[in-house]
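Visitor:
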Amino acid sequence: MGLKSHTDTGVITVVLWEQAGGLQVKHGEAWLDATPSSGVLIVNIGNLLQVMSNGEYKSAEHRVLANPGPIPRLSVSVFYYPLVCDDQIGPIPELVSAEKLLLFNNSTLANTWKITSGHDIRGI
Numbered sequence: 001m002g003l004k005s006h007t008d009t010g011v012i013t014v015v016l017w018e019q020a021g022g023l024q025v026k027h028g029e030a031w032l033d034a035t036p037s038s039g040v041l042i043v044n045i046g047n048l049l050q051v052m053s054n055g056e057y058k059s060a061e062h063r064v065l066a067n068p069g070p071i072p073r074l075s076v077s078v079f080y081y082p083l084v085c086d087d088q089i090g091p092i093p094e095l096v097s098a099e100k101l102l103l104f105n106n107s108t109l110a111n112t113w114k115i116t117s118g119h120d121i122r123g124i
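In terms of the UniProt record's numbering, the sequence shown opens at residue 1 and continues consecutively.
(1) On the three-pair Cβ rule with 8 angstroms, is the stretch 91-100 touching the stretch 49-62?
(2) DSSP three-state call for K26: helix, strand or coil?
(3) Would you mind stating whether H62 and K114 have Cβ atoms separated by less than 9 angstroms?
(4) Leaving out the 5 sequence neighbours to the left and right, which residues in its chain are closer than 8 angstroms to I92 when beta-carbon positions are compared?
(5) Using only the alpha-carbon positions, how far apart do G69 and Q88 sit?
(6) By Cβ distance, which residues of its chain are closer than 6 angstroms to V11, with the 5 residues on each side in sequence left out?
(7) Which residue from E29, S107, L16 and D33 puts its Cα closest to that of V43?
(8) For the beta strand (DSSP E) holding V64, just list the boundary residues, first then last.
(9) Output yes or no for whether 9 angstroms exceeds the beta carbon distance between D8 and L23.
(10) What do you reckon, are the CB atoms on S107 and T13 nearer than 9 angstroms?
(11) Report the partner residues of E49 according to the DSSP bridge assignment.
(12) Measuring straight from C-alpha to C-alpha, what distance separates K4 and D86?
(13) Of the choices E29, T112 and V64, whose alpha-carbon is the least far from that of T35?
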């Protein structure tokens, strides 16, 4: 089983990655293989952290290819994100200045998730 191309919607995702492989990260227009290593924790920046950091941290588009080999895939993911959908999400004020302009408007968590589900989070 695989996962189509996506970015993570939350703040961060931590994945325990094992030997089966198949994880790819998009870099420009190319898909790069992430080389598996037993016991490695992969930390993905989510869309909410990109908004909260005013673009200092970027969420990465990634996908997981169907397992082609005999090694079974084991991935354990932990997601961190706020639970109250009416809360306002936006850049941390200290990360906005005359030199670093506001890249994202404040929005409710529910609206932010709706907008970011299409990967392009510039419209927030």
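Beta carbons: idealized from backbone N, C-alpha and C, even for Gly.
Guide: This is what the structure holds:
(1) yes
(2) strand
(3) no
(4) M52, S53 and N54
(5) 45 angstroms
(6) G46, L48, L49, Y80 and Y81
(7) L16
(8) H62 to V64
(9) no
(10) no
(11) First, the residue type needs correcting, since residue 49 is Leu and not Glu in the sequence shown. None, per the DSSP bridge assignment.
(12) 29 angstroms
(13) V64
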